[in-house]
Amino acid sequence: MIPTIVGTIMLVALNDSGKKGALLFATWIIGFYGCSLALLYAYNASNTAGHTKKATINALTLSAFSLGNVIGTETFLPKDAPDYLPGKISILALLASQFFFSFLIRWINMRLNAKKRAYIEVLKQRNGWTDEDVKREREKHAFLDLTDKQNPYFVYTG
Numbered sequence: 004m005i006p007t008i009v010g011t012i013m014l015v016a017l018n019d020s021g022k023k024g025a026l027l028f029a030t031w032i033i034g035f036y037g038c039s040l041a042l043l044y045a046y047n048a049s050n051t052a053g054h055t056k057k058a059t060i061n062a063l064t065l066s067a068f069s070l071g072n073v074i075g076t077e078t079f080l081p082k083d084a085p086d087y088l089p090g091k092i093s094i095l096a097l098l099a100s101q102f103f104f105s106f107l108i109r110w111i112n113m114r115l116n117a118k119k120r121a122y123i124e125v126l127k128q129r130n131g132w133t134d135e136d137v138k139r140e141r142e143k144h145a146f147l148d149l150t151d152k153q154n155p156y157f158v159y160t161g
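Just so we're aligned, residue 4 is where the sequence shown starts under our numbering, counting upward by one.
Structure, rendered in structure tokens:
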């Protein structure tokens, strides 16, 4: 995501500079955004459990991506040609917000993992379990069709 943000900043900052090489380079590094999409699908797969929930999350992600592509084209208006500066600035603002939300979600997931670890410690104390018992319970829950919220042994990725 960072190369995409840098490339977009370059496109905005060097808009009227005439530095064609730098503008071309900026356009090339914006292409790294495709990596973010692949990571988003992997992130969805590793942070949701339960068949129905996974299918729903993937459908919503694909729908939001498609809707964003349709709306995104409307930010590049003919009256802004040839620079399309408002469109570039809107992309930059959305990339910056995506960067912020990525860290927010990481923070939320770390908090959820800490709560689950604390709950497992309570289970260990209450039931007199060893680490082997916890491992056995974790494996038993792994193949149940439980959502990530229902499964106390599910660990979110950061």
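Yeah, the Cβ is synthetic: ideal placement off N, Cα and C, and Gly gets one too.
Outcome for residue i when other beta-carbon atoms lying within 10 angstroms are tallied against a minimum of 16
i	result
A52	buried
A29	buried
I111	exposed
Y122	exposed
T11	buried
L107	exposed
T7	buried
Close Cβ partners of residue i (< 6 Å) along its chain, the five nearest in sequence each way excluded
i	result
G90	T78 and F79
Contacts around residue i, its chain only, beta-carbon distance under 8 Å, and the 5 residues preceding and following it disregarded
i	result
L88	V15 and N18
F171	This structure leaves residue 171 out entirely; the chain is present only between 4 and 161.
Among the options, the one whose alpha carbon lies nearest that of residue i
i	options	result
K119	R141, T11 and A58	R141
V9	E135, A96 and L107	A96
F157	I92, S100 and A117	A117
S105	L40, Q128, G21 and T59	L40
Y159	E135, N72, S49 and A99	S49
Contact set for residue i: own chain, Cβ-Cβ below 7 Å, skip 5 residues either direction
i	result
T150	A52, G53 and K56
M109	Checking the displayed sequence, the identity of residue 109 turns out to be Arg instead of Met. Result list for R109: G161, in chain order.
D148	G53 and H54
M113	G161
A25	M13 and L17
contact_flag[the stretch 62 to 70, the stretch 35 to 48] where n(CB pairs < 8 Å) is 3 or more: Short answer: they touch.
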